[in-house]
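Data first, discussion second: the structure below is written as structure tokens.
2 protein chains.
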Amino acid sequence: MGVTKSEKFSEEQNQIANISKAFAHPARVAILQQLFKMDTCICGDLVAEIGLAQPTISQHLKELKNLGLIKGNVEGTSVCYCINKEVWETFKELFTAFLNQDLNSKNQCC
Amino acid sequence: MGVTKSEKFSEEQNQIANISKAFAHPARVAILQQLFKMDTCICGDLVAEIGLAQPTISQHLKELKNLGLIKGNVEGTSVCYCINKEVWETFKELFTAFLNQDLNSKNQCC
DNA sequence: TAAGTTTATTGCAATATTACGATAAATAAG
DNA sequence: CTTATTTATCGTAATATTGCAATAAACTTA
């Protein structure tokens, strides 16, 4: 118990759930928005921008990186993070298809 | 500790995170897909369709209902669930905007 | 009213997530 | 080499999520 039974679901369903998990915390949403917004990649600036402790931000960055949504590049003592465009596009298509499902018009019990 | 610090984030960031949470479990993704797919609203059929126990499905349905994504309608001893179109559309727009953010082209450190 | 059907709720166990202090690791500057 | 700067990792505490057996609640039918 307490474990998601992934094997009961399709590949697509699990993928949507996994990507959603990445978006399921406002700090990670904020990090992604910052990476989109800044014209230069940010690093520890995220710690200042978002009001959470450095280890917490580092942990969120790790999750986004593990999923493949962002890439990290070491520059001296600091690390520069960017959106991984290819992965973002792939995820976007998967998600857009899910969001744009057609509702059968007969479907009206409530 | 262990509590998401929602107050540090914008309304929009929290909204995206909350909607994402609803999508962050394959069983809920499967439930939503079924509700879209069936031409008649389903109810306990979800328990048969998805291979989880009845209380578990009931709990997932409750979460989706609390968020406003689905509506439930009692019909005799059974309950018929449907997508809440208006809420789905609202969430879709919010999400689509998030997914379609523009990447600044100068943003190339990695 | 009694029995059957369907869904919701309760209670609990297992696991996952979030947060951060302490500290390690890596590099840069002096 | 020493010190400062920046980021990652470890360890741990608090909380949230997932899953289901047991049971309650609501309704139907006999």
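The listed protein sequences correspond, in order, to chains A and B. Heads up, the first sequence is in this note's numbering, so the first residue is 328 and it goes up one at a time. Heads up, the second sequence is in this note's numbering, so the first residue is 328 and it goes up one at a time. Heads up, the beta-carbon is just placed ideally off N, CA and C, and yes, glycines get one too. Since this is a predicted model, take the numbers as computed values, not measurements.
Between the Cα of residue i and those of the options, spot the shortest distance and give me the residue it belongs to.
i, options, result
"residue 354 of chain A", "A:368, A:380, A:335, A:333", "A:380"
"residue 423 of chain B", "A:394, A:337, A:350", "A:350"
"residue 438 of chain A", "A:340, A:346, A:402, A:406", "This structure does not reach residue 438 of chain A, given that chain A is present from 328 up to 437, and the question cannot be answered."
"residue 421 of chain A", "B:338, B:330, B:356, B:331", "B:356"
"residue 391 of chain B", "B:406, B:338, B:358", "B:358"
"residue 427 of chain A", "B:410, B:419, B:352", "B:419"
"residue 334 of chain B", "A:411, A:373, A:425, A:352", "A:352"
"residue 411 of chain B", "B:348, B:368, B:332", "B:368"
"residue 339 of chain B", "B:408, B:425, B:409", "B:425"
"residue 397 of chain B", "B:382, B:372, B:360, B:404", "B:360"
"residue 417 of chain A", "A:332, A:343, A:331", "A:343"
"residue 452 of chain A", "B:402, B:408, B:387, B:403", "With chain A running from 328 to 437 in the structure shown, residue 452 of chain A is simply not present."
"residue 395 of chain B", "B:372, B:408, B:384", "B:408"
Helix, strand or coil for residue i? Go by DSSP, reduced to three states.
i, result
"residue 393 of chain B", "helix"
"residue 369 of chain A", "strand"
"residue 358 of chain A", "helix"
"residue 430 of chain A", "coil"
"residue 388 of chain A", "helix"
"residue 375 of chain B", "helix"
Please list the terminal residues of the continuous beta strand (DSSP E) segment that includes residue i.
i, result
"residue 410 of chain A", "405-410"
Looking at the unbroken alpha helix (DSSP H) that takes in residue i, where does it start and where does it end?
i, result
"residue 332 of chain A", "Looking at the DSSP string, residue 332 of chain A is not in any alpha helix (DSSP H), and its letter there is neither H nor E."
"residue 341 of chain B", "338-350"
On the DSSP bridge assignment, give the partners of residue i in chain order.
i, result
"residue 420 of chain B", "None; residue 420 of chain B has no bridge partner."
"residue 400 of chain A", "A:407"
State the CB to CB distance for the pair residue i and residue j, rounded to an integer number of angstroms; the pair is presumed to be in contact (CB under 8 Å).
i, j, result
"residue 400 of chain B", "residue 436 of chain A", "5 Å"
"residue 406 of chain A", "residue 370 of chain A", "5 Å"
"residue 363 of chain A", "residue 430 of chain B", "6 Å"
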